[in-house]
Amino acid sequence: MTSLRFLDLSFNLFITSSIHNSFGNFKNLLHLNIVANAFSGIEKGLLLMFGNMCYLRSLDISYNQLPGEQIGKYRNLSGCFGHDLEALNLDYARISGYVPNWLGMLGNLKHVHLSHIQLNGTIPESLGQLSNLETLDLSYDSLEATICEVHFASLSKLKTLSIGSTGLTIKIKSDWIPPFQLEYIEMESCKFGTQIPQWLQTQSKATTLLLSNASIWGTLPKWMKDMNLNELDLSHNQIKGTLPRFPSNLKLIDLSGNSISGVPPGKDGCSSHAMGHLCWLTWLDLSNNKLSGQLSLALKNCTSLRFLDVGENALSGNVPKWIGDTFGYLRILRLWGNKFNGSIPWQLCQLSTDLRSWILLKTIYKEGYLVALTT
Numbered sequence: 050m051t052s053l054r055f056l057d058l059s060f061n062l063f064i065t066s067s068i069h070n071s072f073g074n075f076k077n078l079l080h081l082n083i084v085a086n087a088f089s090g091i092e093k094g095l096l097l098m099f100g101n102m103c104y105l106r107s108l109d110i111s112y113n114q115l116p117g118e119q120i121g122k123y124r125n126l127s128g129c130f131g132h133d134l135e136a137l138n139l140d141y142a143r144i145s146g147y148v149p150n151w152l153g154m155l156g157n158l159k160h161v162h163l164s165h166i167q168l169n170g171t172i173p174e175s176l177g178q179l180s181n182l183e184t185l186d187l188s189y190d191s192l193e194a195t196i197c198e199v200h201f202a203s204l205s206k207l208k209t210l211s212i213g214s215t216g217l218t219i220k221i222k223s224d225w226i227p228p229f230q231l232e233y234i235e236m237e238s239c240k241f242g243t244q245i246p247q248w249l250q251t252q253s254k255a256t257t258l259l260l261s262n263a264s265i266w267g268t269l270p271k272w273m274k275d276m277n278l279n280e281l282d283l284s285h286n287q288i289k290g291t292l293p294r295f296p297s298n299l300k301l302i303d304l305s306g307n308s309i310s311g312v313p314p315g316k317d318g319c320s321s322h323a324m325g326h327l328c329w330l331t332w333l334d335l336s337n338n339k340l341s342g343q344l345s346l347a348l349k350n351c352t353s354l355r356f357l358d359v360g361e362n363a364l365s366g367n368v369p370k371w372i373g374d375t376f377g378y379l380r381i382l383r384l385w386g387n388k389f390n391g392s393i394p395w396q397l398c399q400l401s402t403d404l405r406s407w408i409l410l411k412t413i414y415k416e417g418y419l420v421a422l423t424t
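Per the numbering used here, residue 50 is the first one in the sequence shown, and the count goes up by one each step.
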């Protein structure tokens, strides 16, 4: 058994058991996967247990219960652990402590997943020297720290950056040019305190941009239309102004909880305006803004919509008949908290029987036309 190279014990039920120190005898292991076993601890501790696994390339102990394990207590690496390590996954393992400085010394690391555990403190600058790193996920930890350009200095291969819901403060100069081309950017609840960062304009390969509740202010930049995004979430910031033209590949837009004004989504017609060209858009949330006037015909081209929320604005006029004629895939329609008047068009009854029409009630009931949806 000492010559074993691959060991996968994932998705079993070793409830209340600790990871036994005999695992340390598998010195030739290349891949160790013990995901989702409800292990309650590591007998010798993380690094002492795996310290002699000189050839280990991937270690995944995510989704276990290891509350006594503090990864930050190890100031230095023991044995030869980590020399060949390419993937480390401790997600949801309930490990606590701080991000250790030695993590930045594992030069072959490509994927680091340390999310949803109990890490706190700062992020060592040494992480910025991991030149082979492709994935960095520190999301949903308690890292009350500041990160700046030095934390990304040599991360030229980074593709996935997920550091949201951590309490991190972002201090990056407006003229910074990143060494990487990200595909997935998740920095929700980070503290920017700036306009939408200019360096995002360089990320031509990014398909997901999640920056909700990030203390971002100002207007939406025109250069955003040139990005290759599929998902855009800038909700719960202090963004104002009108809607610009968006990237044509977008499937999800969430701009709720801002101060965006004007008529959504621009002038009638779909040839050149904000959203009429978004044929693949399935999710649109513009709720809790300062939009006024009538819903524009430019939305009619967004025939793939499944979720449409324009609640809590100042929209007026009649509920458009074309909503019922156009949006055959719609499942969620939320119009409440506006100034709509008149009757509810019977065309809404043509929408899918799966439509959760009760979301309309706060607007409809006030006008006394609830029967229009049921007859």
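Each residue gets a CB set at the ideal place from its N, CA and C atoms; glycine is no exception.
Hey, is the stretch 384-402 in contact with the stretch 353-363, meaning 3+ C-beta pairs nearer than 8 Å?
yes
Just to confirm, are Ile226 and Thr251 a CB contact at a threshold of 8 Å?
yes
Rounded C-alpha distance that separates Cys129 from Met276:
43 Å
Going by C-alpha to C-alpha distance, which of Asn350, Gly146, Ser89 sits closest to Phe63?
Ser89
What number of angstroms, rounded off, separates the C-alpha of Leu78 from the C-alpha of Trp272?
49 Å
Would a C-beta distance cut-off of 8 Å place Thr291 and Ile265 closer than the cut-off?
no
Considering only the alpha carbon of each residue, which of Thr331, Asp57, Ser336, Met98 lies closest to Lys349?
Thr331
To the nearest angstrom, how far is it from the Cα of Ile110 to the Cα of His80?
11 Å
Taking only the alpha-carbon atoms, compute the straight-line gap between Ala87 and Leu210 and give it to the nearest angstrom.
28 Å
May I ask you to report which of helix, strand or coil DSSP gives Ile372?
helix
State the start and end residues of the unbroken beta strand (DSSP E) segment that holds Leu333.
332-334
Whose C-alpha, out of Asn157, Asp186, Ser188, Gly170, is nearest the C-alpha of Gln178?
Asn157
So if DSSP puts Trp266 in a beta bridge, which residue, or which two residues, is it bridged to?
Gln287
Ranges of the beta strand (DSSP E) found wholly within the stretch 343-398, counting only runs of at least 3:
356-358, 363-366, 381-383
Mind checking whether His162 and Asp140 have CB atoms under 8 Å apart?
yes
Simplified DSSP state of Lys159, which is helix, strand or coil:
coil
Sorted by chain position, which residues of the same chain lie with C-beta nearer than 7 Å to Glu232's C-beta, five sequence neighbours on each side aside?
Lys208, Thr209, Lys254, Ala255, Thr256
Given Asp303 as reference, the closest of Asn279, Gly121, Val312, Gly373 once Cα atoms are compared:
Asn279
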